[in-house]
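Report on the following structure.
Number of protein chains: 2
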Amino acid sequence: MKADNQNIKKPGVVIGLSAVIVSVDHRDSGGAGTQAEPMVFIVRGAEHTLSVGVVPTNEDGDALPFGPFDPDSHETPELGLRSWVKDQTPIVPGYVEQLYTFGNRGRYIGQKQDELRVISIGYLALTHQEKTRTSEKVFWGDWYSYFPWEDWRRGKPEMIGTVIEPGLKKWVNAADSAEAKLHRRTRANLCFGLGGIAWDEEKVLERYELLYEARLVYEAVRDKKIKADYTLVPGTSMLYDHRRILATAMSRLRGKLKYRPVVFELMPSEFTLLHLQKTVEAIMGHPLHKQNFRRLVESSGMVEEIPGKKSAAAGGRPAALFRFRRGALLERPSPGMKLPPIGG
Amino acid sequence: MKADNQNIKKPGVVIGLSAVIVSVDHRDSGGAGTQAEPMVFIVRGAEHTLSVGVVPTNEDGDALPFGPFDPDSHETPELGLRSWVKDQTPIVPGYVEQLYTFGNRGRYIGQKQDELRVISIGYLALTHQEKTRTSEKVFWGDWYSYFPWEDWRRGKPEMIGTVIEPGLKKWVNAADSAEAKLHRRTRANLCFGLGGIAWDEEKVLERYELLYEARLVYEAVRDKKIKADYTLVPGTSMLYDHRRILATAMSRLRGKLKYRPVVFELMPSEFTLLHLQKTVEAIMGHPLHKQNFRRLVESSGMVEEIPGKKSAAAGGRPAALFRFRRGALLERPSPGMKLPPIGG
DNA sequence: TTGACTTATGCTCTAATAGAGTATATTACT
DNA sequence: AGTAATATACTCTATTAGAGCATAAGTCAA
Chain A
50 MKADNQNIKK PGVVIGLSAV IVSVDHRDSG GAGTQAEPMV FIVRGAEHTL
100 SVGVVPTNED GDALPFGPFD PDSHETPELG LRSWVKDQTP IVPGYVEQLY
150 TFGNRGRYIG QKQDELRVIS IGYLALTHQE KTRTSEKVFW GDWYSYFPWE
200 DWRRGKPEMI GTVIEPGLKK WVNAADSAEA KLHRRTRANL CFGLGGIAWD
250 EEKVLERYEL LYEARLVYEA VRDKKIKADY TLVPGTSMLY DHRRILATAM
300 SRLRGKLKYR PVVFELMPSE FTLLHLQKTV EAIMGHPLHK QNFRRLVESS
350 GMVEEIPGKK SAAAGGRPAA LFRFRRGALL ERPSPGMKLP PIGG
Chain B
50 MKADNQNIKK PGVVIGLSAV IVSVDHRDSG GAGTQAEPMV FIVRGAEHTL
100 SVGVVPTNED GDALPFGPFD PDSHETPELG LRSWVKDQTP IVPGYVEQLY
150 TFGNRGRYIG QKQDELRVIS IGYLALTHQE KTRTSEKVFW GDWYSYFPWE
200 DWRRGKPEMI GTVIEPGLKK WVNAADSAEA KLHRRTRANL CFGLGGIAWD
250 EEKVLERYEL LYEARLVYEA VRDKKIKADY TLVPGTSMLY DHRRILATAM
300 SRLRGKLKYR PVVFELMPSE FTLLHLQKTV EAIMGHPLHK QNFRRLVESS
350 GMVEEIPGKK SAAAGGRPAA LFRFRRGALL ERPSPGMKLP PIGG
């Protein structure tokens with residue numbers, strides 16, 4: 050259990066903080082045509098993503114905001130993230146949770162590739178301030194533009210059958226042995242709900258990693274420096290491994306929603322139940338049974354009706370307005386809403 | 050989103066890998082008096098825990114194994130951990146999962162406290178090789194010796210009523226305002242299942258942090274340099290923030306057991322159902338209903354009976370021997386065993 | 001050899017919950 | 001007034017969870 054001190058202190062190891070800042074764009078207030086889209090805070094262009102100034106790149110593209118970890122001023126990495134987000138963006142996140150620490154070799158590819166190792170502590174942050182100033186360089190991106198196959202709200206995305214399944218089939222058949230083929234096939238089936246297996250909305254990361262391995266996303270083509278003479282899966286790519294970090298955040302958030310009342314971090318102070326439902330559906334990526342959702346939410350005690358107040362009706366009976374009951378957090382050991390899985 | 054390069058590269062930031070290596074000591078093979086105790090791999094004495102050679106301490110005590118992260122030879126931090134564990138210990142962990150990255154200021158307290166910042170990427174590793182050579186300095190420690198209040202297998206631990214509740218009551222009453230008192234009280238109730246709230250076995254970390262804040266564990270007395278003229282909660286303390294890391298691992302493992310078949314990483318290749326049950330109970334910290342556990346496990350398809358084979362009976366009808374069905378992992382999207390919470 | 005004891009295993013009963021659907025209420029619009 | 005749209009209340013059923021009883025298959029000691 051002895052080790053050389055020198056190994057550790059070499060220059061060229063950089064610690065940074067990556068943030069997946071999520072909000073939900075509530076297109077309108079209750080009533081007819083209520084819409085909700087999950088958004089991620091994106092910075093575009095190398096000079097923004099490379100705020101530590103040490104990771105040169107020639108590529109342009111979408112990236113997650115990335116800030117320095119300053120051991121002198123930051124008590125904890127999480128406080129560091131909060132202060133950096135507060136200083137550098139117009140966002141004040143309510144909920145912040147550490148996701149994962151990413152430290153793969155080669156995750157930052159630049160001229161100094163071999164010298165430099167970037168360790169990123171990834172965070173998930175939730176906010177309901179979706180109306181922030183944006184520009185061409187800094188904006189809220191629709192998270193399903195990066196992961197279109199994750200959006201089952203209007204049924205199974207077509208590309209799964211037309212692009213992903215054929216692509217994976219090719220990858221399965223490219224395996225060496227029959228054994229390896231079987232292994233690849235079962236993995237593909239499990240991830241993408243093929244062969245009678247149910248789709249699991251939490252497997253966002255596993256699916257992305259599988260597509261990467263099967264070289265069906267641009268990042269794989271880029272990192273492995275291959276020529277893609279076949280159809281890639283639709284979806285916006287990101288710089289570095291940021292799409293992987295985003296996938297990690299989506300998996301985590303989809304899981305968390307089921308047992309902790311984090312949705313409310315994404316809601317305005319007053320909302321209708323449809324409003325809340327559309328927000329949950331937006332995150333989970335699939336539709337829910339309206340009456341049962343209502344029963345669930347009302348019986349959970351997480352929410353209280355605002356007496357008298359009604360939403361501005363738009364094409365139907367006006368809905369009651371609700372607010373989050375902060376007190377509920379103090380009454381039950383692990384409040385949340387048990388959400389059903391998608392019907393496979 | 051610009052930052053100074055200098056902030057990052059200062060010397061005095063060390064990245065290390067901490068491992069919570071868990072095994073279960075199966076005291077005997079099925080039959081009467083079957084016992085199981087969860088164990089953690091412990092190193093005692095500063096020279097072992099400080100293998101990076103940069104964190105001086107005067108104290109002696111139990112610590113988690115800690116290894117360097119070497120950007121030159123480690124493709125990923127997880128591979129770094131695996132290789133370091135393999136080289137430096139007799140353990141070959143099967144399952145490894147990243148837990149959390151700890152980087153609080155002051156988590157390593159030494160002469161150079163203000164200069165040095167240690168960032169530890171914490172890992173949870175599971176193994177069933179509990180029979181490894183040990184010494185006075187390196188051994189398997191009973192994890193309930195560090196967290197005796199977490200063991201409800203033989204009912205509610207007495208110390209909760211005799212030491213923890215009174216200690217927390219004092220802490221509640223020491224709050225400034227009535228509001229703050231109420232807040233502290235509800236927090237204590239939620240954590241420790243007081244006032245009619247059910248005990249939640251997953252809140253290991255929250256409970257430890259509460260005890261720390263209420264200065265009822267030695268680490269708080271040590272870090273805050275106060276004089277403890279009152280009774281501390283029983284339980285072995287650890288160096289640095291290692292008991293917090295262990296608590297994080299326990300929380301994670303208790304949660305994971307409910308939806309992923311990780312128990313089998315802790316089992317020998319053949320086992321009886323009682324054996325399996327005792328192992329789950331050991332991790333979860335509370336007893337389970339035997340017949341229902343059997344129904345659950347058998348219907349899950351995670352396990353198959355070994356035809357003909359029976360356990361060596363010890364005082365009763367011999368039990369059938371089972372083995373883990375690896376194939377089950379490939380059949381269902383998220384296999385596991387839904388475990389009931391402790392009856393509040 | 002038999003009866004007491006111990007553990008394993010099979011089965012039943014009941015309460016709670018989840019999933020799906022029907023029915024009615026309240027609004028706007030034509 | 002009638003139609004469309006949404007909100008809300010309620011019902012029905014299948015599944016699951018929690019608890020306990022009954023029987024099986026061994027050991028051990030008198």
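Going line by line, the protein sequences match chains A and B. Take 50 as the starting number for the first sequence in the numbering used here and just add one per residue. Take 50 as the starting number for the second sequence in the numbering used here and just add one per residue. Each residue gets a CB set at the ideal place from its N, CA and C atoms; glycine is no exception.
Query                                                                                                                   : Result
CB of SER67 of chain B within 8 Å of CB of PHE118 of chain B, strictly                                                  : no
Check: LEU165 of chain A C-beta below 7 Å from any heavy atom of the ligand SAH                                         : Ligands displayed in this structure: none; no statement on the ligand SAH is therefore possible.
Closest residue to PHE151 of chain A among B:ARG344, B:GLY242, B:ASP111 and B:GLN147 (Cα-Cα distance)                   : B:GLN147
Touch test, the segment 266-286 of chain A against the segment 314-326 of chain A, Cβ-Cβ under 8 Å, three pairs minimum : no
Closest residue to GLY304 of chain A among A:LYS252, A:ARG264 and A:ALA277 (Cα-Cα distance)                             : A:LYS252
CB contact flag (ILE213 of chain B, LEU295 of chain B, <8 Å)                                                            : no
Distance between PRO126 of chain A and ASN153 of chain B (C-alpha atoms, nearest Å)                                     : 7 Å
Cα-Cα separation between LEU288 of chain B and TYR279 of chain B, rounded to whole angstroms                            : 21 Å
The segment 338-355 of chain B in contact with the segment 369-379 of chain B per 3-pair CB rule at 8 Å                 : yes
Residue-chain proximity (LEU254 of chain A, chain B), Cβ-Cβ < 8 Å                                                       : no
Contact list for the segment 236-264 of chain A against chain B, Cβ threshold 7 Å                                       : LEU239, ILE246, ALA247 and ASP249
ILE140 of chain B in three-state terms, based on DSSP                                                                   : coil
Bridge-paired residues (DSSP) for ILE64 of chain A                                                                      : A:ILE168
MET299 of chain A - containing alpha helix (DSSP H), residue span                                                       : 291-305
Nearest candidate by alpha-carbon position, reference VAL145 of chain A, set A:PRO120, A:ASP136, A:GLY171 and A:LEU165  : A:GLY171
Between the CA atoms of ASP109 of chain A and ARG93 of chain A - distance to the nearest angstrom                       : 7 Å
Chain-ordered neighbours of GLU124 of chain A on chain B, where CB pairs are closer than 9 Å                            : ASN153, ARG154 and GLY155
Limits of the beta strand (DSSP E) - the one that PHE90 of chain B falls within                                         : 85-93
As assigned by DSSP and simplified to three states, the class of GLY102 of chain A                                      : Note on GLY102 of chain A: pLDDT 38, under 50, position unreliable in the model; the coordinate value appears next. Here GLY102 of chain A sits in coil by DSSP.
Rounded distance between the beta-carbons of VAL71 of chain A and LEU173 of chain A, thought under 8 Å                  : 7 Å
8 Å Cβ cut-off: residues of chain A touching ILE64 of chain B                                                           : ILE57, VAL62, ILE64 and ILE168
N- and C-terminal bounds of the beta strand (DSSP E) containing VAL346 of chain B                                       : Note, VAL346 of chain B: premise wrong, no beta strand (DSSP E); alpha helix (DSSP H) at 339-349.
CB contact below 8 Å: GLN178 of chain B versus chain A                                                                  : no
CB contact below 8 Å: THR150 of chain B versus chain A                                                                  : yes
Cβ neighbour criterion (16 or more within 10 Å) applied to ILE355 of chain B                                            : exposed
Straight-line Cα distance separating LYS186 of chain B from HIS97 of chain B                                            : Residue confidence is low: HIS97 of chain B scores 45 on pLDDT, short of 50, so the model does not pin down where it sits. Its coordinate-derived value is still stated next. The straight-line gap from Cα to Cα measures roughly 8 Å.
Neighbour-count burial assignment, ARG292 of chain B, 16 or more Cβ in a 10 Å radius                                    : buried
ARG154 of chain B (DSSP reduced to helix, strand or coil)                                                               : coil
Beta-carbon neighbours of PRO142 of chain A, restricted to chain B and to distances below 9 Å                           : Under the 9 Å cutoff, chain B gives no residues; its nearest Cβ is about 16 Å from PRO142 of chain A.
Beta-carbon spacing of SER300 of chain A, LEU239 of chain A below 8 Å                                                   : no
For THR235 of chain B and LEU379 of chain A, believed in contact at Cβ under 8 Å, the rounded distance                  : 4 Å
Collapsed DSSP secondary structure at SER194 of chain B in the structure displayed                                      : helix
Alpha carbon of THR297 of chain B to alpha carbon of LYS358 of chain A, nearest angstrom                                : 44 Å
Contacts of GLN147 of chain A in chain B (Cβ-Cβ under 8 Å)                                                              : TYR149 and THR150
Residues near ASN222 of chain B by beta carbon distance below 8 Å, same chain, minus five either side                   : LYS230
Members of the segment 109-123 of chain A near chain B, C-beta cut-off 9 Å                                              : PRO114, PHE115, GLY116, PRO117, PHE118, ASP119, PRO120, ASP121, SER122 and HIS123
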